[in-house]
Amino acid sequence: MDKKQGLQQTFDCVAKGYDHPALSFFPETAKRMIQYLGSSESTKVQLLDVCTGTGVVAIEAASQHSNIAVTGIDLSSGMLAEAQLKANQQGLDNISFQQMDLDHLTFADEAFDVATCSFGLFFLDDMKQALSNIKSKVKASGKIAISTFSEGSFEPMSVLFLELYESFGYEVPPLSWKQITTDEQLIALFSSVGIDAVSIYREPLGFHMTSAKDWWDVVWNAGYRGLLNQMSDTELASFKEQHLQDIQQLCDQGESWIDTGVVIAIGAV
Numbered sequence: 028m029d030k031k032q033g034l035q036q037t038f039d040c041v042a043k044g045y046d047h048p049a050l051s052f053f054p055e056t057a058k059r060m061i062q063y064l065g066s067s068e069s070t071k072v073q074l075l076d077v078c079t080g081t082g083v084v085a086i087e088a089a090s091q092h093s094n095i096a097v098t099g100i101d102l103s104s105g106m107l108a109e110a111q112l113k114a115n116q117q118g119l120d121n122i123s124f125q126q127m128d129l130d131h132l133t134f135a136d137e138a139f140d141v142a143t144c145s146f147g148l149f150f151l152d153d154m155k156q157a158l159s160n161i162k163s164k165v166k167a168s169g170k171i172a173i174s175t176f177s178e179g180s181f182e183p184m185s186v187l188f189l190e191l192y193e194s195f196g197y198e199v200p201p202l203s204w205k206q207i208t209t210d211e212q213l214i215a216l217f218s219s220v221g222i223d224a225v226s227i228y229r230e231p232l233g234f235h236m237t238s239a240k241d242w243w244d245v246v247w248n249a250g251y252r253g254l255l256n257q258m259s260d261t262e263l264a265s266f267k268e269q270h271l272q273d274i275q276q277l278c279d280q281g282e283s284w285i286d287t288g289v290v291i292a293i294g295a296v
């Protein structure tokens, strides 16, 4: 199985739990991203939401601005099914979803006024090429907004998770989002595709755990699930027990804060 197939399977697997309250940083980021993008209600806006997942950004945009026509795309059919269900429940008629690979966008060039990619770009091996693909579908004078995690997000919980994972004999993959956490890295990425006007916003999000289970809800319902899916049921049970003991120890020591800080970067095409 190649990486892309693995990602597709992982997000099909977590689709039902992706809107779990422990992952509230996703909708909170979406609200801020749409706010920072702004919108003139007097003109029709075509927005492309890449790696839309369960449609968090797409639905936020469509529900807040009736003049925005939103197209959300994703590799995962499971995520798209959840996105469509939510859009239907809200009665949104200015939004549509399609299964599509970011590496092979089939839209006409310059078909959109705005493109967004929330917590998705760093899953691509070649982020420059991915951003270039997105840029090609955005009109001149349009905008591209991406989000990623801040340096230090999910620590020390994620460090304990990955150390234990490695002790079980599994290879720890590089955390690709760490390549775009600083202002300099984000500006360089946009500059590499010819976008030099970039605004960066930092959002210090997070929450206090009431128990170790709160952290497990984060890893079980999002990207880390792909690592856990490699384990047998017996291994997983042992891993979960040991890891939650480590996390509960942190809570008992007063280290209950889960840092979910994010960064939003908006480039003017």
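Residues are numbered in this note's numbering as their position in the sequence shown, beginning at 1, plus a constant of 27.
Built from N, CA and C at the ideal position, the CB exists for glycine as well.
With a cut-off of 8 Å on the beta carbons, I'd call MET127 and TYR45 a contact; round off their distance for me. Along the sequence shown, one-based indexing puts residue 127 at 100. Along the sequence shown, one-based indexing puts residue 45 at 18. About 19 Å separates the two Cβ atoms, so there is no contact after all.
Excluding the 5 residues flanking SER180 on each side, which residues of the same chain have their C-beta closer than 7 Å to its C-beta? Position 153 of the sequence shown, counted from the first residue, corresponds to residue 180. Contacts found: ASP286, THR287, GLY288.
Would you identify the three-state DSSP class for VAL141, choosing helix, strand or coil? Stepping through the sequence shown from its first residue, residue 141 is reached at position 114. Of the three classes helix, strand and coil, the one that applies to VAL141 here is strand, per DSSP.
Roughly how far, in whole angstroms, is the beta-carbon of THR237 from the beta-carbon of ILE207, given that I think they are within contact range, below 8 Å? Here the question's residue 237 lines up with position 210 in the sequence shown. Here the question's residue 207 lines up with position 180 in the sequence shown. About 32 Å; that fails the 8 Å criterion.
With DSSP as the reference, identify every bridge partner of GLU230, one or two as the case may be. Along the sequence shown, read from residue 1 onward, the residue named residue 230 stands at position 203. DSSP lists VAL289 as partners of GLU230.
Per DSSP, what kind of secondary structure is SER180 in: helix, strand or coil? Taking the first residue of the sequence shown as position 1, residue 180 is located at position 153. In the structure shown, SER180 sits in coil (DSSP, three-state: anything other than H, G, I, E or B).
Can you tell me whether DSSP reads HIS92 as helix, strand or coil? Taking the first residue of the sequence shown as position 1, residue 92 is located at position 65. DSSP places HIS92 in coil when its eight states are reduced to three.
Using a Cβ distance threshold of 8 Å, determine whether the segment 235-249 contacts the segment 215-223, with at least three qualifying pairs required. no
Look up ILE333 in the DSSP assignment and say whether it is helix, strand or coil. Residue 333 is absent from the model: the chain starts at 28 and stops at 296.
Determine whether the beta carbon atoms of PRO157 and ILE293 lie at a separation below 7 Å. Stepping through the sequence shown from its first residue, residue 157 is reached at position 130. Stepping through the sequence shown from its first residue, residue 293 is reached at position 266. Sequence check: residue 157 is Ala here, not Pro. The answer is no: Cβ separation not under 7 Å.
How should LEU112 be labelled, buried or exposed, when 16 other C-beta atoms within 10 angstroms of its C-beta is the threshold for buried? Start at 1 with the first residue of the sequence shown, and residue 112 comes out as number 85. Per the 10 Å Cβ criterion, exposed.
Based on the DSSP secondary-structure assignment, which residues constitute the bridge partners of VAL165? Locating residue 165 in the sequence shown gives position 138, where the first residue counts as 1. Answer is PHE139.
Whole alpha helix (DSSP H) runs in the segment 100-130 with 4 or more residues, listed along the chain? 104-116
Looking only at DSSP bridge pairs, what is ALA295 linked to? For this step, residue 295 is matched to residue 268 along the sequence shown. Partner residues in the beta bridge of ALA295, as assigned by DSSP, are LYS170, ALA224.
Classification of VAL165 by the beta-carbon crowding that lies within 10 angstroms, buried from 16 upward: Translated into the one-based positions of the sequence shown, residue 165 becomes position 138. That one is buried.
Integer Cβ distance of SER66 from HIS47, believed to fall under 8 Å: Here residue 66 refers to the residue found at position 39 when the sequence shown is read from its first residue. Here residue 47 refers to the residue found at position 20 when the sequence shown is read from its first residue. Beta-carbon to beta-carbon, SER66 and HIS47 are separated by about 29 Å, too far to satisfy the 8 Å threshold.
Taking the CB atoms as reference points, tell me whether ASP152 and SER103 lie closer together than 7 Å. For the purposes of this step, residue 152 is taken as the residue at position 125 of the sequence shown. For the purposes of this step, residue 103 is taken as the residue at position 76 of the sequence shown. No, these two residues do not count as a Cβ contact at 7 Å.
Just how far apart, CA to CA, sit LYS195 and LEU255? Walking along the sequence shown from the start, residue 195 turns up at place 168. Walking along the sequence shown from the start, residue 255 turns up at place 228. The question names Lys, yet the displayed sequence has Phe at residue 195. Near 11 Å, if we compare the C-alpha coordinates of LEU255 and PHE195.
For the structure I just gave you, are there three or more beta carbon pairs, one from the segment 245-265 and one from the segment 115-133, closer than 8 Å? Because the criterion of three Cβ pairs below 8 Å is not met, the segment 245-265 and the segment 115-133 do not touch.
Under 7 Å, do GLU193 and VAL186 count as touching if we go by C-beta distance? Position 166 of the sequence shown holds residue 193. Position 159 of the sequence shown holds residue 186. Contact flag unset, no.
CB of LEU50 within 7 Å of CB of ALA89, strictly: In the sequence shown, residue 50 corresponds to position 23, counting from 1. In the sequence shown, residue 89 corresponds to position 62, counting from 1. Against a cut-off of 7 Å, the Cβ pair of ALA89 and LEU50 comes out as no contact.
Where DSSP assigns a beta bridge to VAL97, which residues make up the other side? As a position in the sequence shown, residue 97 is number 70, starting the count at 1. Answer by DSSP bridge pairing, in chain order: LEU74, ILE122.
Exposed or buried, what is ASP279 when buried is set at 16 or more other beta-carbons lying within 10 Å of its beta-carbon? Against the sequence shown, residue 279 aligns to sequence position 252. Here ASP279 is exposed: its Cβ has fewer than 16 other Cβ atoms, across all protein chains shown, within 10 Å.
HIS270 (DSSP reduced to helix, strand or coil): Counting from 1 along the sequence shown, the entry for residue 270 is found at position 243. In the structure shown, HIS270 sits in a helix (DSSP, three-state: H, G or I).
Locate the alpha helix (DSSP H) running through TRP247, then write down its first and last residues. Taking the first residue of the sequence shown as position 1, residue 247 is located at position 220. Run containing TRP247: 239-247, per the alpha helix (DSSP H) assignment.
Who are TRP284's beta bridge partners in DSSP? Working through the sequence shown from its first residue, we reach residue 284 at position 257. For TRP284, which the question treats as bridged, DSSP gives the partners HIS235.
For GLN73 and ALA42, which I take to be in contact (beta-carbon distance under 8 Å), what is that distance rounded to the nearest angstrom? Position 46 of the sequence shown, counting from 1, holds the residue named residue 73. Position 15 of the sequence shown, counting from 1, holds the residue named residue 42. At roughly 26 Å, the Cβ-Cβ gap does not stay under 8 Å, so GLN73 and ALA42 are not in contact.
Own chain residues within Cβ distance below 8 Å of TRP243, not counting five before or after: Within the sequence shown, the letter at position 216 stands for residue 243. Residues LYS267, HIS270, LEU271, ILE274 of the same chain have their beta carbon placed closer than 8 Å to that of TRP243, with the five preceding and five following residues left out of the count.
Could you give the DSSP three-state label for THR261: helix, strand or coil? The sequence position of residue 261 within the sequence shown is 234, counting from 1. It is helical.
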